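Student: My questions will all concern the structure given below.
2 protein chains.
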Amino acid sequence: MGNDIYVKYTAFKQDELLKKIRMSISEKRFKHSLAVQKTAVLLAKRFDCNLEKASIAGLVHDYAKERSDEEMIRIIYENNLDETIIAFGNNIWHGVAGAILIKKELGIIDAKILQAVTVHTTGSSNMSLLDKIIYVADFIEPNRNFPGVSKARKLAKVNLDKVVKYEIKRTLLRLLENEAKIYPKTMDTYNKYVAGVNQLST
Amino acid sequence: MGNDIYVKYTAFKQDELLKKIRMSISEKRFKHSLAVQKTAVLLAKRFDCNLEKASIAGLVHDYAKERSDEEMIRIIYENNLDETIIAFGNNIWHGVAGAILIKKELGIIDAKILQAVTVHTTGSSNMSLLDKIIYVADFIEPNRNFPGVSKARKLAKVNLDKVVKYEIKRTLLRLLENEAKIYPKTMDTYNKYVAGVNQLST
Numbered sequence: 001m002g003n004d005i006y007v008k009y010t011a012f013k014q015d016e017l018l019k020k021i022r023m024s025i026s027e028k029r030f031k032h033s034l035a036v037q038k039t040a041v042l043l044a045k046r047f048d049c050n051l052e053k054a055s056i057a058g059l060v061h062d063y064a065k066e067r068s069d070e071e072m073i074r075i076i077y078e079n080n081l082d083e084t085i086i087a088f089g090n091n092i093w094h095g096v097a098g099a100i101l102i103k104k105e106l107g108i109i110d111a112k113i114l115q116a117v118t119v120h121t122t123g124s125s126n127m128s129l130l131d132k133i134i135y136v137a138d139f140i141e142p143n144r145n146f147p148g149v150s151k152a153r154k155l156a157k158v159n160l161d162k163v164v165k166y167e168i169k170r171t172l173l174r175l176l177e178n179e180a181k182i183y184p185k186t187m188d189t190y191n192k193y194v195a196g197v198n199q200l201s202t
Numbered sequence: 001m002g003n004d005i006y007v008k009y010t011a012f013k014q015d016e017l018l019k020k021i022r023m024s025i026s027e028k029r030f031k032h033s034l035a036v037q038k039t040a041v042l043l044a045k046r047f048d049c050n051l052e053k054a055s056i057a058g059l060v061h062d063y064a065k066e067r068s069d070e071e072m073i074r075i076i077y078e079n080n081l082d083e084t085i086i087a088f089g090n091n092i093w094h095g096v097a098g099a100i101l102i103k104k105e106l107g108i109i110d111a112k113i114l115q116a117v118t119v120h121t122t123g124s125s126n127m128s129l130l131d132k133i134i135y136v137a138d139f140i141e142p143n144r145n146f147p148g149v150s151k152a153r154k155l156a157k158v159n160l161d162k163v164v165k166y167e168i169k170r171t172l173l174r175l176l177e178n179e180a181k182i183y184p185k186t187m188d189t190y191n192k193y194v195a196g197v198n199q200l201s202t
């Protein structure tokens, strides 16, 4: 895939887009973004998803992660997003507000890419193949190093839903251990992909 | 407290009420109900809550626990309760539907008692003193025997909110370990009393 996919899905050529992203986030996070892009493309090949969309979504998923709380909260109000999100902090905001910013600033309008960025930290009770690929690529990209990552990488060679299940369960356990806030959508993802609940409100 | 509190809060005298409850649940659960009643009264004395309401709420909290799924689901539909509850099973139903049954069959109309029964398994993000007392009494009554119950009992001698926190965290961890469904209200209780989130949707 060359320059054409950038022009197709964004308002920029490859070098311009990379420069814009690089200026929005730290070097470490930029490196992570490139790694998620690569991993997402690998997973898209493996599980037969649109490679181009996986590539773009992976690259831009954390575009908004280093914006100020003030900017994020303004975006939430200005776009009439669910205000209960405000209590949950940037870990939750940067997906939802990120989708708005990559549309506005990077010219990305593809609905599937925007959706995958929106739910990349929480998952949802109704994840598309692309949603799952970005969610999982963010978890297992080669720079990640946590107990269990090698198990997740092994599962990702065979069954994407099993990694989603492993990832959401681990995420919830870690949040509980840290007595951290749990966003309702994160729990919806757990209920769907771990506990098998099919009738959910969201 | 003698017979008068039963006549005051229910449609029955003490012996009649006990007989009705005894006929609705197993001997083991009846014994548990009497123990929750005693423990709730002790906690109400300790934390300055209405003793009579604690006594009645403790006694009747599991009144609906052994009804059939069919009856529970019918009650949910007939009373226009949130239908998403249906996916979560009797552990969740018997509080919400229980409040409806104790009103209809036992003549209990006190709003605080009904509320405490409604939320006794999930808690809520806005628990009254009586809600907390029933929630905790159900967890620590003398027949309970699980790792951590002695810690919960010690906390209950001093600080009710600390037991609520301990209980909801342990409940969520156990549900996760078992890959069991987590009802959204259970997570709201966690977010409020463990993670300190104040703005919640419910």
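If you read the protein sequences in the order shown, they are chains A and V. Throughout the first sequence, residue numbering follows this note's numbering, covering 1 to 202 in sequence. Throughout the second sequence, residue numbering follows this note's numbering, covering 1 to 202 in sequence. Note that beta-carbon positions come from the ideal geometry of N, C-alpha and C, so glycine has one too. No experiment lies behind these values; they were computed from the predicted model shown.
Does the beta carbon of A/A87 sit closer than 9 Å to a beta carbon anywhere in chain V?
Tutor: Closer than 9 Å: yes.
Student: Is it buried or exposed for V/A99, if we count other Cβ within 10 angstroms and need 16 for buried?
Tutor: With 16 or more Cβ atoms within 10 Å of its Cβ, V/A99 is classed as buried.
Student: Is it buried or exposed, A/G196, if we count other Cβ atoms within 10 angstroms and call 16 or more buried?
Tutor: Classified as exposed, A/G196 has fewer than 16 neighbouring CB atoms from the shown chains inside 10 Å of its CB.
Student: Checking contacts by CB at 9 Å: is A/K169 closer than that to chain V?
Tutor: yes
Student: Against chain A, with Cβ distances strictly below 9 Å, would V/A64 count as a contact?
Tutor: no
Student: Mind checking which residues open and close the alpha helix (DSSP H) that includes V/V60?
Tutor: Segment L51 to V60, the alpha helix (DSSP H) holding V/V60.
Student: Could you spell out where the alpha helix (DSSP H) holding A/R152 opens and where it closes?
Tutor: According to the sequence displayed, residue 152 of chain A carries Ala and not Arg. If you look at A/A152, you'll find it in the alpha helix (DSSP H) that goes V149 to A156.
Student: Is the beta carbon of V/V164 sitting closer than 9 Å to the one on V/M187?
Tutor: No.
Student: Quick check: the Cα distance between A/V36 and A/E27, rounded to an integer number of angstroms?
Tutor: 14 Å
Student: What residue range is occupied by the uninterrupted alpha helix (DSSP H) comprising V/T189?
Tutor: Taken as a continuous stretch (DSSP letters only), the alpha helix (DSSP H) holding V/T189 covers P184 to Y193.
Student: I'd like to check one pair, V/A54 with V/A180: are the Cβ atoms closer than 9 Å?
Tutor: no
Student: Got a sec? Which residues, its chain only, sit under 8 Å from A/L114 by beta carbon, not counting five neighbours each side?
Tutor: A99, I102, K103 and I108
Student: Please state the DSSP three-state secondary structure of V/M72.
Tutor: helix
Student: Enumerate in chain order the residues of its own chain whose CB-to-CB distance from A/T202 is below 8 Å, with the five nearest sequence positions on each side excluded.
Tutor: Its pLDDT being 45, under 50, A/T202 is placed unreliably by the model, and the measurement read from it follows with that caveat. When the five nearest sequence neighbours on each side are left out, the beta carbons in the same chain lying within less than 8 Å of the beta carbon of A/T202 are those of S124, S125, P184, K185 and D188, in order along the chain.
Student: If you measure beta-carbon to beta-carbon, which residues of the region 188–199 of chain A are closer than 7 Å to chain V?
Tutor: Y190, N191, V194, A195, V197, N198 and Q199
Student: Along the chain, where does the alpha helix (DSSP H) that runs through A/F12 open and close?
Tutor: Segment: none, A/F12 is in no alpha helix (DSSP H) and carries neither H nor E.
Student: How about A/A152: is its C-beta nearer than 9 Å to some C-beta of chain B?
Tutor: Going by chain labels, chain B is absent from the structure shown, which instead holds the protein chains A and V.
Student: Listed from N- to C-terminal order along the chain, which residues in the region 112–135 of chain A have their beta-carbon within a distance smaller than 8 Å of any beta-carbon of chain V?
Tutor: Listed by position along the chain: nothing, the set is empty.
Student: Name the chain V residues whose beta carbon is nearer than 8 Å to that of A/Q179?
Tutor: The question names Gln, but residue 179 of chain A in the sequence shown is Glu. Result: K169, V194 and A195.
Student: Give the DSSP-derived three-state secondary structure of V/R67 in the structure shown.
Tutor: coil
Student: State the Cα-Cα distance for the pair A/K8 and A/I134, rounded to the nearest angstrom.
Tutor: 20 Å
Student: Does any C-beta atom of chain V lie closer than 9 Å to the C-beta of A/L155?
Tutor: no
Student: Going by DSSP in three states, V/M23 sits in which element: helix, strand or coil?
Tutor: helix
Student: Would you say A/G95 and A/H61 are within 9 Å of each other, going by their C-beta atoms?
Tutor: yes
Student: Would you say A/I182 lies against chain V (beta-carbon separation less than 9 Å)?
Tutor: Interface residue, yes.
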